[in-house]
Amino acid sequence: MLELTGIQQYYGQSHILREVGVQVPAGSCTCLMGRNGVGKTTLLKVIMGLLPARAGSIRFAGQDLTRADTRERARIGIGYVPQGREIFARLTVEENLRVSLGVRRAKTLPQRIYELFPVLREMLHRRGGDLSGGQQQQLAIARALVLEPKLLILDEPCEGIQPNIVRDIGDVLTRLRQETGLAVLLVEQKLPFARRVADRFYLLERGSVVADGGIAELSEDLVQRHLVV
Numbered sequence: 000m001l002e003l004t005g006i007q008q009y010y011g012q013s014h015i016l017r018e019v020g021v022q023v024p025a026g027s028c029t030c031l032m033g034r035n036g037v038g039k040t041t042l043l044k045v046i047m048g049l050l051p052a053r054a055g056s057i058r059f060a061g062q063d064l065t066r067a068d069t070r071e072r073a074r075i076g077i078g079y080v081p082q083g084r085e086i087f088a089r090l091t092v093e094e095n096l097r098v099s100l101g102v103r104r105a106k107t108l109p110q111r112i113y114e115l116f117p118v119l120r121e122m123l124h125r126r127g128g129d130l131s132g133g134q135q136q137q138l139a140i141a142r143a144l145v146l147e148p149k150l151l152i153l154d155e156p157c158e159g160i161q162p163n164i165v166r167d168i169g170d171v172l173t174r175l176r177q178e179t180g181l182a183v184l185l186v187e188q189k190l191p192f193a194r195r196v197a198d199r200f201y202l203l204e205r206g207s208v209v210a211d212g213g214i215a216e217l218s219e220d221l222v223q224r225h226l227v228v
């Protein structure tokens with residue numbers, strides 16, 4: 000589904016990503032892990048075209064996207080939920096959802112998003128800024144799902160969210176993978192959530208992949224060496 004090969008990126012003179020290779024198969028949930036500052040969010044931005052790859056290639060569903068712009072990546076089926084959610088606080092829930100229609104062929108909102116997140120139907124005409132943090136995260140995920148993506152990328156979806164909504168988000172991701180074959184790539188620091196929803200992992204250290212495998216192979220030794228602060 001998604002294949003990254005030899006990705007490199009710099010901030011000024013700082014070498015942030017070093018020959019990163021990641022694969023996200025169709026229907027899988029792959030968790031990108033590592034301490035703060037190792038390049039996880041930078042890698043997601045490179046995948047979405049928000050930052051150019053200085054070297055390497057990005058292929059998605061058989062297409063080379065290395066030089067494609069962000070809109071094109073969204074159009075062919077990549078949904079992105081950034082860290083901090085970045086919803087439009089002054090727009091209503093419905094208006095936030097309709098933002099994604101600009102790159103979608105069908106110009107009506109898919110009703111399934113209300114089945115997945117019933118609270119959004121109840122709050123359709125409330126401003127995004129009036130929602131709780133958990134509700135805003137649900138809105139951000141729903142906005143990405145309006146695209147009906149083949150791959151959903153999430154950056155720290157559990158950050159600052161109450162446990163019951165974290166559980167609901169995990170249930171939605173699992174359901175979508177099982178029912179639609181959606182692939183998921185997420186950055187997540189919360190180990191219980193990662194172990195629950197992911198089936199694969201990659202560990203980054205100083206901008207390089209230092210370990211990867213099935214989530215059952217994420218040993219306590221790896222956690223201590225590469226995740227514990």
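What the sequence shown shows, in numbering that gives the first Met the number 0, is residues 0 to 228, in sequence order.
Just so you know, even glycine gets a beta-carbon here, dropped at the ideal spot from N, CA and C.
Boundaries of the alpha helix (DSSP H) around M47: K39 to M47. Judged by DSSP secondary structure, V165 falls within the alpha helix (DSSP H) whose first and last residues are P162 to T179. An exposed status is given to G101, since fewer than 16 other beta-carbon atoms sit within 10 Å of its beta-carbon. Of the residues assessed, G213 falls on the exposed side of the cut-off, its CB having fewer than 16 other CB atoms within 10 angstroms.
A distance below 8 Å separates the beta carbons of T91 and R126. Closest in alpha carbon position to V98, among A139, Q134 and P81, is A139. By the neighbour-count criterion, in which 16 or more other beta carbons inside 10 Å mark a residue as buried, K106 falls on the exposed side.
Rounded to whole angstroms, G169 and Y9 show a C-alpha spacing of 33 Å. Take the alpha-carbon of G61 and the one of N163: they are about 38 Å apart. For V98, there is no enclosing alpha helix (DSSP H), as DSSP marks it with neither H nor E. 8 Å or more divides the Cβ of L172 from the Cβ of V23. For the 8 Å CB-CB criterion, I152 and I86 do not form a contact. In this structure, the beta-carbon distance from L221 to D211 does not fall below 8 Å.
A check of alpha carbon separations from Q223 across L16, S13 and R34 identifies R34 as the nearest.
Rounded to the nearest whole angstrom, the C-alpha separation of S218 and V183 is 22 Å. Per DSSP, Q188 lies in no alpha helix (DSSP H) segment and is marked neither H nor E.
H14: member of the beta strand (DSSP E) spanning S13 to V23, first to last residue. CA-CA distance, T69 to G76, rounds to 11 Å. For V209, the CB contacts under 6 Å within the same chain, skipping 5 residues up- and downstream, are L202 in chain order. For T4, the enclosing beta strand (DSSP E) covers residues L1 to Y10. I112 sits in a helix when the DSSP states are folded into three classes.
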